[in-house]
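Okay, structure first, notes after.
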Amino acid sequence: MTEDGSVYKRVELVGASKKSWEDAIGNVVAKASQSIRDLRIAEVDQLDVTIKDGKVVDYRVRVKISFKYEKD
31 MTEDGSVYKR VELVGASKKS WEDAIGNVVA KASQSIRDLR IAEVDQLDVT IKDGKVVDYR
91 VRVKISFKYE KD
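Here the sequence shown stands for residues 31 to 102, numbered as in my numbering.
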């Protein structure tokens, strides 16, 4: 809880990209913003890659997104 009495909820999402971890993070934020209002913080929790034939083929990122909780 913050000084103004606001409450925030945090959810964990996983994003992927063939380009980079930064792009994967952007994908998470863009997708989350389509259905979650008032996004506040994106906290990168874990980075990993998928390897095929000795090459990186996918970048994956686990992100904790927080947003202002509003009771309907």
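Quick reminder that beta carbons are idealized off the backbone N, C-alpha and C, glycines included.
Quiz item: Taking the alpha-carbon positions, what's the Gly56 to Val93 distance?
Solution: 10 Å
Quiz item: By Cβ distance, which residues of its chain are closer than 7 Å to Ser50, with the 5 residues on each side in sequence left out?
Solution: Tyr89
Practice problem: Might you give, ordered along the chain, the residues of its own chain that have their beta carbon closer than 6 Å to the beta carbon of Val59, omitting 5 neighbours on each side? | Solution: Ala72
Quiz item: Can you tell me where the beta strand (DSSP E) with Ile81 in it begins and where it stops?
Solution: 69–82
Quiz item: Got a sec: does the ligand HEM put a non-hydrogen atom nearer than 6 Å to the Cβ of Glu52?
Solution: Among the components modelled here there is no ligand, and therefore nothing to report on the ligand HEM.
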